[in-house]
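Numbers given in the numbering used here equal positions in the sequence shown, counted from 1, plus 148.
Idealized CB from N, CA, C, for every residue including glycine.
Presented below is the structure to which this report refers.
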Amino acid sequence: QVQFVESGGGLVQPGGSLRLSCAASGPSLGFSVMGWYRQPPGKQRELVATITSGGIRNYGDSVKGRFTISRDNAKNTVYLQMNNLKPEDTAHYFCNVYKGRSNNYWGQGTQVTVSS
């Protein structure tokens, strides 16, 4: 079982920045894909960004150019730098570790609210 420690969410004004962190612990995390997904109020969960252990990144269309995902493999930690935040970025953000269909783990999430 994978354990998560997520942090960095909060309330920010439009145009502001936040940095999310997610430290994962558990067996066999090497060569996993780590990432962030979000669920806006009343909507389905959607991709924000993922990163492989080799550094290959994938972003959701709505965050390209504004968000940057990075990863520290030694610490099994993934980061999400979010710049130029918009009200539509308001959501519950979930950390994810994926090593195959039967090894797909989710953190409890952290709330990000963008509002003036």
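Contact annotation: Val196 and Phe179 have beta-carbon atoms that are not nearer than 8 Å. Its Cα nearest to that of Gly213, the residue Asn231 stands out among Gly202, Asn251, Asn231.
In the three-state scheme derived from DSSP, where H, G and I count as helix and E and B as strand, Val211 is classed as helix. The beta carbon of Asn252 lies closer than 8 Å to those of Asn244, Val245, Tyr246 in the same chain, with the five residues before and after it left out. One thing to note: Ser264 has its Cβ no nearer than 8 Å to the Cβ of Tyr227. Pairing Pro189 with Thr261, the inter-Cα distance amounts to about 11 Å.
Considering only Arg186, Ser173, Thr200, the residue with the shortest C-alpha distance to Ser210 is Arg186. Beta-carbon to beta-carbon, Gly183 and Ile217 are separated by about 7 Å, close enough to satisfy the 8 Å threshold. Counting other Cβ atoms within 10 Å of its Cβ, Asp237 reaches 16 or more and is therefore classed as buried. Taking each of Gln229, Ser176, Glu194, Gly164 in turn and checking the Cα distance to His240, the smallest one comes out for Glu194.
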